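Residues 1 to 98 in the UniProt record's numbering are what the sequence shown spells out, letter by letter.
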Amino acid sequence: MKEIMVEDSQLLNQFFASYGLTQRESEILGLIATHGYTNREIAESCCISEKTVKIHLANIMSKIGIGSMRRLLALLLQQALTLSKRSNELSRIQALGN
1 MKEIMVEDSQ LLNQFFASYG LTQRESEILG LIATHGYTNR EIAESCCISE
51 KTVKIHLANI MSKIGIGSMR RLLALLLQQA LTLSKRSNEL SRIQALGN
């Protein structure tokens, strides 16, 4: 189970980096993607106000070019699945080479 968690974390980090998200933006999006946190739960977890959470979310969506949380999460899932598929293909190729 730990291996899946590490891989998921790596996939999220690749997604965050590809859009130039800050550490805090990445943290907030990660809390939503992995735990389904509400704005209030994010604010409590990060020790910031709900208004600040909303500002970070607006910045995230602006950087990614998406206007809704549903589309943002769909994009995140789609890219994670694509990266996972590529990773699996590379693993198979490396296994064949050994």
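Think of the CB as a built atom: it goes at the ideal place given N, C-alpha and C, for glycine as much as any other residue.
Bear in mind that the values here come from a model prediction, so they are computed numbers and not experimental data.
Contact defined as beta carbons within less than 8 Å: I believe residue i pairs with residue j. What is the distance between those atoms, to the nearest angstrom?
i     : j     : result
LYS63 : TYR19 : 5 Å
What is the DSSP secondary structure of residue i, reduced to helix, strand or coil?
i     : result
GLY30 : helix
THR82 : helix
MET5  : Because MET5 sits at a pLDDT of 46, beneath the cut-off of 50, its placement in the model cannot be relied upon, and the following sentence gives the value as read from the coordinates. Residue state, collapsed to three classes: helix.
LEU96 : helix
SER49 : coil
ILE42 : helix
ILE64 : helix
LEU21 : coil
Going by the beta-carbon positions, is the gap between residue i and residue j smaller than 8 Å?
i     : j     : result
ILE60 : LEU29 : yes
TYR37 : SER26 : no
ALA80 : PHE16 : no
ALA33 : LEU73 : yes
LEU83 : LEU11 : yes
Return the residue from the list the options that minimises the CA-CA distance to residue i.
i     : options                       : result
ASN13 : THR52, LEU77 and ARG92        : LEU77
MET69 : THR22, ASN39 and ARG24        : ASN39
LEU21 : ARG71, ASN88, GLY97 and GLY65 : GLY65
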